[in-house]
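2 protein chains.
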Amino acid sequence: MKLQDAKMEFVQTWGSIGSSWGIPRSMAQIHALLLASNEALSTEDVMETIKISRGNVNINMRELINWNLVAKQNKLGERKEFFTANTDIMAMAQNIVQERKKRELQPVLDLLEKLKTDKIQGKKEEVEHFNKLMVELEDFIKQLDQLSEIWLKLKDNFFFKKMIKTMS
Amino acid sequence: MKLQDAKMEFVQTWGSIGSSWGIPRSMAQIHALLLASNEALSTEDVMETIKISRGNVNINMRELINWNLVAKQNKLGERKEFFTANTDIMAMAQNIVQERKKRELQPVLDLLEKLKTDKIQGKKEEVEHFNKLMVELEDFIKQLDQLSEIWLKLKDNFFFKKMIKTMS
DNA sequence: ATAAACTTTCAATAATTTTTGAAAGTTCTA
DNA sequence: TAGAACTTTCAAAAATTATTGAAAGTTTAT
Numbered sequence: 001m002k003l004q005d006a007k008m009e010f011v012q013t014w015g016s017i018g019s020s021w022g023i024p025r026s027m028a029q030i031h032a033l034l035l036a037s038n039e040a041l042s043t044e045d046v047m048e049t050i051k052i053s054r055g056n057v058n059i060n061m062r063e064l065i066n067w068n069l070v071a072k073q074n075k076l077g078e079r080k081e082f083f084t085a086n087t088d089i090m091a092m093a094q095n096i097v098q099e100r101k102k103r104e105l106q107p108v109l110d111l112l113e114k115l116k117t118d119k120i121q122g123k124k125e126e127v128e129h130f131n132k133l134m135v136e137l138e139d140f141i142k143q144l145d146q147l148s149e150i151w152l153k154l155k156d157n158f159f160f161k162k163m164i165k166t167m168s
Numbered sequence: 001m002k003l004q005d006a007k008m009e010f011v012q013t014w015g016s017i018g019s020s021w022g023i024p025r026s027m028a029q030i031h032a033l034l035l036a037s038n039e040a041l042s043t044e045d046v047m048e049t050i051k052i053s054r055g056n057v058n059i060n061m062r063e064l065i066n067w068n069l070v071a072k073q074n075k076l077g078e079r080k081e082f083f084t085a086n087t088d089i090m091a092m093a094q095n096i097v098q099e100r101k102k103r104e105l106q107p108v109l110d111l112l113e114k115l116k117t118d119k120i121q122g123k124k125e126e127v128e129h130f131n132k133l134m135v136e137l138e139d140f141i142k143q144l145d146q147l148s149e150i151w152l153k154l155k156d157n158f159f160f161k162k163m164i165k166t167m168s
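Protein chains in written order, with the numbering used here: chain W, 1 to 168; chain S, 1 to 168.
Quick look at the structure:
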C-alpha cells in the first residue's frame, strides 16, 4: 500500500470519528492530515489534499489552533503560513478533554449551583427525589474531575502507571 | 421555585448538553425527564411534557433502552407501557462510555490493524513518521482502556478512591 | 372475529450544522 | 502609494441530522 493511500484512509477515518463526536468532519480531517504529515503544510496544500474550500480550512485551522492541537509555523523565505500538528497524542487528548470540559461541564455545574441555591417547592417526596438527583449529579461531576486528574498522571508518571496496574 | 419549573429547566439543559455531545436533543430530554421523575411515565406523559411527537418519543425511548439507560415498566391494570430511568448516575455514565467505545473506538482499531498488516511504501522518512503515529495511536487507545478500568474502580471502591486522592 | 388501545414505522419535512466562495481585509515589497 | 500575495469573513447553499404524523402493525378484551 502506498503511503499516500494510507494517509488518505487515515484522514477519512479520523474525519468520520470526529464527526460522530460532534467535531466537524473537515476539522478532524485537517487535523489527521497534519498529524500524518512529516512537514508543515500550507492552506493550499490542505485545500488540495482534502478538497475543501479555503474558508473551510481557515476557520477550522483557527479552531485547531485554539484547541492547541495545531501550531503556525513560518518557513524561511516563504510568505505563506504553514501549519503543523502537535504530535504528542497524549497531550492532544488532554487538550480535547480540557476543551470539552470547559464547554460542556460548565453549564451543568451552573445549573446545579442555581438549583441548589433556590428552595424548590412541591410535594415532599417528589422534591426529595429531585434533590437527590442533583446531589448525585454533583458527585458524578466531581468524579469526572478526579478521573481527568488521573489521566494527567497516567500520561507521564511511570510509577503511578505501575501502581494502578498492580491494583487492578 | 416550583418543582415543575426546576424539572423543566433541568430537561432543557440536559437536552442542550446532549446535543453538543452528538446525542439527539429529544433523546437527552426524555432521559432527563425520566431521571427527574419520581415515577414511571407513559409515552403520552413524555409527549405532553416535552412537546414532541409520538414517533420521536418511541424511537428515542428505544435507543435509551438499548443504551441501558431506561427500562420498561408495567403498571398493574394499565395497558400502556411506562418507562423509568436507571437512577444510578455512575452506572449511567458507564453505559454511555461503553456504548461510545463500541461505536467509535472500534473503527480506529480496525484501521490501525489494517495499516499495521500492510507494508507501507514510500520515502523512508515519511513512512517512519507515519508508522510512529500509528504506534502512538495504539498506545493511546490502550491508555483509554486503562482509564475506563480505573473508572470502574473509582465507582465502587472506596479504598481505591482514597489512595488516588493521597497520590494526587 | 371485532374493535379498541396501544406501539411502531418511515417518507416527508423541518431544523441544524457545515461548507463554499467571492469580496473585504491585511501585510509585505518595491 | 500601488499592487501582489496572502488571510479572513460571512451570507448563501449544501449536506446532514432530527422530527413529525399519519398509516400500518400489534396486542388485548370481549
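C-beta atoms are modelled at their ideal positions from N, C-alpha and C, and glycine is treated no differently. Computed from a predicted model, the values in this text were never measured in an experiment.
Between which two residues does the beta strand (DSSP E) holding residue i run?
i       : result
K123(S) : Neither: K123(S) is in no beta strand (DSSP E) and is coded neither H nor E.
N74(S)  : V70 to N74
Got a sec, what are the start and stop residues for the alpha helix (DSSP H) residue i sits in?
i      : result
T87(W) : Segment: none, T87(W) is in no alpha helix (DSSP H) and carries neither H nor E.
R54(W) : R54 to N66
M47(W) : T43 to I50
E9(S)  : L3 to S20
D25(W) : For the sequence presented, residue 25(W) should be read as Arg rather than Asp. Looking at the DSSP string, the run of the alpha helix (DSSP H) that includes R25(W) is R25 to A36.
Less than 9 Å separating the beta-carbons of residue i and residue j?
i       : j       : result
M61(S)  : S53(S)  : no
Q12(W)  : Q29(W)  : yes
N38(W)  : E136(S) : no
A32(W)  : G15(W)  : yes
W151(S) : L76(W)  : no
Between the C-alpha atoms of residue i and residue j, what's the straight-line distance to the nearest angstrom?
i       : j       : result
E173(W) : I65(S)  : The question about residue 173(W) has no answer, for chain W in this structure spans 1 to 168.
K114(S) : Q143(S) : 20 Å
K102(S) : E99(W)  : 23 Å
L105(W) : E149(S) : 22 Å
N58(W)  : T43(W)  : 7 Å
A93(W)  : W67(W)  : 10 Å
D118(W) : I17(W)  : 41 Å
D145(S) : E128(W) : 37 Å
M1(S)   : F158(S) : 36 Å
K124(S) : I23(S)  : 43 Å
T166(W) : E63(W)  : 40 Å
M163(W) : G122(S) : 41 Å
D45(W)  : K116(W) : 52 Å
A91(W)  : S19(S)  : 26 Å
Here's a check: name, in chain order, each residue in its chain whose Cβ is nearer than 8 Å to the Cβ of residue i, leaving out the five neighbours to either side.
i       : result
N74(S)  : E81 and F82
K72(S)  : I65, E81, F82 and F83
N131(W) : I120
Do you know whose CA, among the options, lies nearest residue i's CA?
i       : options                            : result
L35(S)  : D110(S), D5(S) and I89(S)          : I89(S)
V97(W)  : W67(S), K2(S) and W21(S)           : W21(S)
T87(W)  : L69(W), E63(W) and D45(W)          : L69(W)
R79(S)  : L41(S), K155(S), W151(S) and M1(S) : L41(S)
N95(W)  : K155(W), K2(W) and M163(W)         : K155(W)
L133(S) : E63(W), P24(W) and A85(W)          : A85(W)
Going along the chain, which residues of its own chain have a beta-carbon closer than 7 Å to the beta-carbon of residue i, five neighbours each way excluded?
i       : result
E138(W) : L112
I141(S) : L105, V108 and L109
T215(W) : Residue 215(W) lies beyond the residue range present for chain W, which begins at 1 and ends at 168; the question has no answer from this structure.
For residue i, collect the residues of the same chain with a Cβ closer than 6 Å to its Cβ; drop the 5 residues on either side in sequence, then sort them by chain order.
i       : result
F160(S) : K153
S26(S)  : I52, N56 and N60
K7(W)   : A36
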